[in-house]
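Engineer: Chains as they are written, first to last, in this note's numbering: chain A, 1 to 747; chain B, 748 to 842.
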Amino acid sequence: MSESASGSVELTGPSHPAAHGPGATAAARQPTMLLVGNPNVGKTSLFNRLARRNERVGNYPGVTVERRSADMPLPSGRKVSVSDVPGCYSLSSRSSEEQIALQAILGWAGNPRPDLVIVVVDAGQLVRNLYLALQIIELRVPVAIALNMVDEAGDRAPSAGALEGLLGVRVVPTNARTGAGIAELAAAVEAELATPSRPRVHVSYAPDLLRDVDRVAAALPDEWKGNVERERALALWALSSLEPDDELTGIAASLRERATEVFAAASDRDIDREIIEGRYQYLEARLGELPARSSDARGARGPSRTERIDRVLLHPAYGFVFFVAIMLLVFQSLFAWADPAMSLVEGAFAAVHSALEGGLPEGFVRDLVTFGVIDGVGNVVVFLPQILLLFLFIGLLEDSGYMARVAYLMDRALRSVGLHGRAFVPMMSGYACAVPAIMATRTMERRRDRLLTMLVVPLMSCSARLPVYTLIIGALFPPSSVFGFVPVQGLLMVAMYLFSTIIALVAAAVLGRTLVKGRSVPLILELPPYRWPSVGSVLTMMWLRARAFLSEAGSVILAFTVLMWLLLSYPKVDPPPQLETSAGAPAASVSVAPNEAAIEATASFGAYQLERSFGGQLGKALEPVIEPLGFDWKIGVGIVGAFAAREVFVSTMGLVYGLGDIGDDDAPLRERMRAEMHADGKPVYTPLVGLSLMVFFALACQCMSTLAVVKRETRSWRWPLFMFAYMTSLAWVTSFVIFQTGSALGF
Amino acid sequence: MMTLDQVAPGVAVVVETVGGARAFRRRIMELGIIPGTRVEVLRVAPFGDPMELSARGCNLSIRAAEAREVRVVGAVAEQAVRLGTLTPGLAKSAP
Numbered sequence: 001m002s003e004s005a006s007g008s009v010e011l012t013g014p015s016h017p018a019a020h021g022p023g024a025t026a027a028a029r030q031p032t033m034l035l036v037g038n039p040n041v042g043k044t045s046l047f048n049r050l051a052r053r054n055e056r057v058g059n060y061p062g063v064t065v066e067r068r069s070a071d072m073p074l075p076s077g078r079k080v081s082v083s084d085v086p087g088c089y090s091l092s093s094r095s096s097e098e099q100i101a102l103q104a105i106l107g108w109a110g111n112p113r114p115d116l117v118i119v120v121v122d123a124g125q126l127v128r129n130l131y132l133a134l135q136i137i138e139l140r141v142p143v144a145i146a147l148n149m150v151d152e153a154g155d156r157a158p159s160a161g162a163l164e165g166l167l168g169v170r171v172v173p174t175n176a177r178t179g180a181g182i183a184e185l186a187a188a189v190e191a192e193l194a195t196p197s198r199p200r201v202h203v204s205y206a207p208d209l210l211r212d213v214d215r216v217a218a219a220l221p222d223e224w225k226g227n228v229e230r231e232r233a234l235a236l237w238a239l240s241s242l243e244p245d246d247e248l249t250g251i252a253a254s255l256r257e258r259a260t261e262v263f264a265a266a267s268d269r270d271i272d273r274e275i276i277e278g279r280y281q282y283l284e285a286r287l288g289e290l291p292a293r294s295s296d297a298r299g300a301r302g303p304s305r306t307e308r309i310d311r312v313l314l315h316p317a318y319g320f321v322f323f324v325a326i327m328l329l330v331f332q333s334l335f336a337w338a339d340p341a342m343s344l345v346e347g348a349f350a351a352v353h354s355a356l357e358g359g360l361p362e363g364f365v366r367d368l369v370t371f372g373v374i375d376g377v378g379n380v381v382v383f384l385p386q387i388l389l390l391f392l393f394i395g396l397l398e399d400s401g402y403m404a405r406v407a408y409l410m411d412r413a414l415r416s417v418g419l420h421g422r423a424f425v426p427m428m429s430g431y432a433c434a435v436p437a438i439m440a441t442r443t444m445e446r447r448r449d450r451l452l453t454m455l456v457v458p459l460m461s462c463s464a465r466l467p468v469y470t471l472i473i474g475a476l477f478p479p480s481s482v483f484g485f486v487p488v489q490g491l492l493m494v495a496m497y498l499f500s501t502i503i504a505l506v507a508a509a510v511l512g513r514t515l516v517k518g519r520s521v522p523l524i525l526e527l528p529p530y531r532w533p534s535v536g537s538v539l540t541m542m543w544l545r546a547r548a549f550l551s552e553a554g555s556v557i558l559a560f561t562v563l564m565w566l567l568l569s570y571p572k573v574d575p576p577p578q579l580e581t582s583a584g585a586p587a588a589s590v591s592v593a594p595n596e597a598a599i600e601a602t603a604s605f606g607a608y609q610l611e612r613s614f615g616g617q618l619g620k621a622l623e624p625v626i627e628p629l630g631f632d633w634k635i636g637v638g639i640v641g642a643f644a645a646r647e648v649f650v651s652t653m654g655l656v657y658g659l660g661d662i663g664d665d666d667a668p669l670r671e672r673m674r675a676e677m678h679a680d681g682k683p684v685y686t687p688l689v690g691l692s693l694m695v696f697f698a699l700a701c702q703c704m705s706t707l708a709v710v711k712r713e714t715r716s717w718r719w720p721l722f723m724f725a726y727m728t729s730l731a732w733v734t735s736f737v738i739f740q741t742g743s744a745l746g747f
Numbered sequence: 748m749m750t751l752d753q754v755a756p757g758v759a760v761v762v763e764t765v766g767g768a769r770a771f772r773r774r775i776m777e778l779g780i781i782p783g784t785r786v787e788v789l790r791v792a793p794f795g796d797p798m799e800l801s802a803r804g805c806n807l808s809i810r811a812a813e814a815r816e817v818r819v820v821g822a823v824a825e826q827a828v829r830l831g832t833l834t835p836g837l838a839k840s841a842p
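#1: Are any of the Cβ atoms in chain B nearer than 8 Å to that of Q740 (chain A)?
#2: Please confirm if L751 (chain B) has its CB atom under 8 Å from at least one CB of chain A.
#3: Just verifying my parser: in three-state terms, what is the DSSP assignment at E799 (chain B)?
#4: Answer yes if the stretch 476-494 of chain A comes into contact with the stretch 446-455 of chain A, meaning at least three C-beta pairs across the two stretches below 8 Å, and no otherwise.
#5: Could you check where the alpha helix (DSSP H) with P720 (chain A) kicks off and where it finishes?
#6: Taking all protein chains shown into account, decide if W108 (chain A) is buried (16 or more other Cβ within 10 angstroms of its Cβ) or exposed.
#7: Give every residue of the same chain whose Cβ lies closer than 7 Å to the Cβ of Q740 (chain A), excluding the five residues on either side of it in the sequence, and list them in chain order.
#8: Strictly below 7 Å CB to CB, what residues from chain A border A814 (chain B)?
#9: Please confirm if F785 (chain A) has its CB atom under 8 Å from at least one CB of chain B.
#10: Does the structure place the stretch 609-618 of chain A close enough to the stretch 567-577 of chain A that three or more beta carbon pairs sit under 8 Å?
#11: Quick check: the stretch 334-342 of chain A against the stretch 378-393 of chain A, are there 3 or more CB pairs under 8 Å?
#12: With 16 as the cutoff for other CB atoms within 10 Å, does E813 (chain B) come out buried or exposed?
#13: Can you pull the chain A neighbours of G795 (chain B), defined as C-beta to C-beta under 9 Å?
#14: Quick test of your reading: L239 (chain A) and V213 (chain A), contact by CB under 8 Å. State the CB separation rounded to the nearest angstrom.
#15: Of all the CB atoms in chain B, is at least one closer than 8 Å to the CB of R128 (chain A)?
#16: Is R843 (chain B) close to chain A, meaning its C-beta is less than 8 Å from at least one C-beta of that chain?
#17: Would you call the CB atoms of R140 (chain A) and R279 (chain A) closer than 8 Å?
#18: What residue ranges within the stretch 142-196 of chain A form continuous beta strand (DSSP E) runs of no fewer than 3 residues, ordered along the chain?
#19: Can you tell me whether K682 (chain A) is helix, strand or coil according to DSSP?
#20: Would D272 (chain A) count as contacting chain B if we go by Cβ distances under 8 Å?
#21: Across which residues does DSSP place M33 (chain A) in a beta bridge pair?
#22: Compute the Euclidean distance between the alpha carbons of G161 (chain A) and C88 (chain A), then round it to the nearest angstrom.
#23: One question on the structure: do F335 (chain A) and A432 (chain A) come within less than 8 Å of each other, judged by their Cβ atoms?
#24: For R273 (chain A), does the three-state DSSP call read helix, strand or coil?
#25: What three-state label does DSSP hand V41 (chain A) in the structure shown?
#26: Going by DSSP in three states, S93 (chain A) sits in which element: helix, strand or coil?
#27: If I'm right that A146 (chain A) touches V120 (chain A) with Cβ under 8 Å, what's the distance once you round it to whole angstroms?
#28: As a quick exercise: from A:L74, A:S95 and A:M723, pick the residue whose alpha carbon is nearest that of R447 (chain A).
#29: Which ranges does the alpha helix (DSSP H) cover as unbroken runs of at least 4 residues, wholly within the stretch 509-557 of chain A, from first to last along the chain?
#30: Assign T514 (chain A) to one of two classes, buried (16 or more other C-beta atoms within 10 Å of its C-beta) or exposed (fewer than that).
#31: Below 9 Å between beta carbons is the criterion; list the residues of the stretch 481-509 of chain A that meet it against any residue of chain D, in chain order.
#32: So I503 (chain A) and T706 (chain A) are in contact, right, with Cβ under 8 Å, and what is the actual spacing, rounded?
#33: Can you find a CB in chain B that lies within less than 8 Å of the CB of I524 (chain A)?
#34: Are the C-beta atoms of V521 (chain A) and some chain B residue less than 8 Å apart?
#35: Can you give me the Cβ contacts of E289 (chain A) inside the same chain, cut-off strictly under 7 Å, excluding the 5 residues immediately before and after it?
#36: Mapping the DSSP letters down to three states, classify H202 (chain A) as helix, strand or coil.
Below is the structure:
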């Protein structure tokens with residue numbers, strides 16, 4: 001979904017303040033407004049309260065950071081468009097994600113220029129929250145403050161009136177949870193749009209610093225110039241953000257040079273500290289003028305509720321038990337609880353499929369509709385139960401404040417392989433299914449962290465590999481025990497899960513040091529107070545994720561399904577004569593009843609057709625490539641078919657061996673595999689081939705849905721193609737080494 | 748001289764200087780941990796890293812590697828003081 005561009009139309013450079021879109025006069029234009037604030041201040045809940053109509057979800061230009069906008073009605077009936085800006089503690093930035101806030105606030109880089117910025121402030125964290133508000137006011141952008149969480153702050157909360165008098169901007173107390181103050185906020189927005197307030201905020205920076213600021217301001221590009229205050233604010237931003245190796249976009253080289261040079265020339269001072277301390281001292285002094293509040297120190301009233309909870313949940317022993325329990329619950333829900341809903345979806349689509357198959361005239365169109373479109377839509381919808389469940393848990397974990405604790409608890413372990421602590425939930429979800437797990441990487445802020453996690457999540461052994469392992473282990477390995485009590489089959493299954501986990505972690509370590517190398521970022525994690533999750537927010541997030549999946553990844557999965565169907569069903573061939581006779585006339589061997597013979601003939605014809613399809617030909621063409629892994633062309637066809645979804649391997653092998661649709665019972669297939677011989681009379685499936693095949697399935701990227709969802713999350717085909725290439729090469733090389741070494745050793 | 752990573756859980760200190768990589772020091776200072784700010788170490792994560800701090804009524808977690816860059820003074824065994832078993836003058840403090 002693309003954002004309809006209103007206001008500024010430039011895509012790269014910052015727009016001149018006067019440059020609104022041609023013909024869009026201020027009077028005719030719908031006013032735009034931003035919600036800005038620190039993380040965990042209830043900004044998204046407030047957005048959900050304000051956003052009443054016409055919600056649009058898009059991306060900020062150039063980055064995969066979700067941008068939610070909606071219309072908000074004002075008391076007069078006029079509407080303003082309100083957008084949610086990602087939470088930030090400051091406008092200073094080093095990465096393109098951190099740059100979003102500044103660009104959105106100034107209406108640069110393709111963002112509409114806001115008529116008003118609402119800074120959402122946590123009343124209990126006043127100084128730190130006003131630090132951000134101060135920066136925005138310094139830029140001379142119209143600001144109003146939503147003083148949120150007044151109830152939680154208790155007697156630490158200032159009175160809105162006093163704060164308003166102090167800062168000179170409108171301050172409205174709100175409670176995003178209950179909806180209190182929302183009407184007042186709308187009224188304040190209306191008033192602010194009519195008569196902008198005059199902020200009374202002026203930080204007195206040190207004279208040395210001001211000289212530096214003016215030198216940087218002199219190097220601002222023409223389109224950044226405006227009044228002196230705005231220029232100084234931008235120069236302050238440049239001084240504290242620009243570095244020779246920052247990752248910011250749209251910055252003039254001369255400005256970066258000047259900022260770096262001025263910063264270096266003041267090496268005997270501490271410019272960062274001068275700026276930050278200047279602002280904090282100013283805020284503390286001004287807030288000191290407010291009527292006395294109780295102090296921020298928690299010691300006075302004993303430990304807070306959050307601290308009492310953390311003493312248990314972050315306890316080295318009980319905390320860990322709780323963590324494991326919560327994660328097991330999430331995992332169990334994805335792995336088991338989603339199953340009935342998924343079966344229901346599959347059943348429903350199978351019913352529609354057969355109804356249409358019976359109702360429509362035989363031919364290409366019928367097959368396209370049933371095997372292509374209906375099955376394709378079914379392949380998309382079947383993911384919904386897991387996606388909804390995972391985002392239900394993620395929503396609860398995020399909203400309650402526990403997700404930050406997961407990152408805190410897991411940081412040490414995951415950091416050693418270059419992953420973010422928040423990668424734990426996506427990685428674990430990967431054992432169930434990579435599709436929701438990849439969507440869950442959105443809980444990480446940095447593109448690099450998301451990308452790295454996304455690239456290795458599909459290596460985690462997902463539930464679709466389970467039927468493949470079950471088939472191979474059941475067919476080729478004895479149900480005996482080692483050391484008298486450890487069952488070989490169970491041991492192998494555990495080994496496959498361990499193997500996939502280790503490979504995923506190793507891949508993260510390797511990719512994180514090579515291809516998705518990122519500057520190591522210091523972990524500074526806020527552990528927000530525990531709060532009751534808001535049902536509305538969680539449901540909204542589940543709905544948004546599901547909708548994004550359906551509309552964006554869904555179309556790709558649907559297209560892949562149609563393509564797979566064409567590959568495995570075309571070109572159509574006529575039945576060979578011997579099959580026709582065996583089906584038509586009573587067979588010579590009378591032990592087979594006629595209708596059984598017919599079924600057998602249909603199944604044999606299915607195998608015959610499959611062998612001659614594009615997919616079958618592809619499997620044959622692949623034979624030279626997969627032969628060194630111990631696979632014949634029939635396995636090749638199974639591998640081609642498994643691209644639709646790994647578990648399809650089982651049914652494709654059933655078709656290849658002429659067993660027809662084998663349904664849930666793979667016993668005949670196991671028999672058939674054990675009996676399958678090469679032309680020279682040696683068995684096709686030895687335990688070594690089975691191992692090689694399982695390893696291939698563990699590592700190869702055989703899942704079109706995974707690729708579709710990676711495409712959606714990265715907004716390009718580059719990363720899904722890379723993922724396919726690296727996983728499949730890794731699979732080939734590993735299986736090659738296993739099979740060749742095993743053969744040389746005589747297995 | 749004492750650095751933040753050496754501070755035991757339950758102990759409150761006052762920040763003297765913030766060092767380390769620019770990205771770290773800028774971010775942590777922007778969160779209000781500037782020289783003169785009182786910081787209490789709450790606990791350390793199960794693997795010994797990162798550590799959880801409380802400053803200005805807000806809880807943060809930073810890694811030991813970065814905590815090593817924050818110099819602190821005037822350590823006061825806050826809890827002991829609160830419990831009345833220790834007076835501030837006798838509390839363990841930086842030499």
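All C-beta atoms, glycine included, are put in the ideal place defined by N, C-alpha and C.
Structural biologist: Straight from the coordinates:
#1: no
#2: no
#3: strand
#4: no
#5: R718 to A744
#6: buried
#7: P628
#8: Here the premise fails: no neighbours, minimum Cβ distance about 10 Å.
#9: Residue 785 (chain A) is absent from the structure shown; chain A starts at 1 and stops at 747.
#10: yes
#11: yes
#12: buried
#13: R412
#14: 7 Å
#15: yes
#16: Residue 843 (chain B) falls outside the range modelled here, since chain B spans only 748 to 842, and no answer is possible.
#17: no
#18: 143-148 and 170-173
#19: coil
#20: yes
#21: A:V82 and A:L116
#22: 26 Å
#23: yes
#24: helix
#25: coil
#26: coil
#27: 5 Å
#28: A:S95
#29: 535-548
#30: exposed
#31: The chain inventory of the structure shown lacks chain D, comprising the protein chains A and B.
#32: That belief does not hold up - the Cβ atoms of I503 (chain A) and T706 (chain A) are roughly 16 Å apart, past 8 Å.
#33: yes
#34: yes
#35: L166
#36: coil
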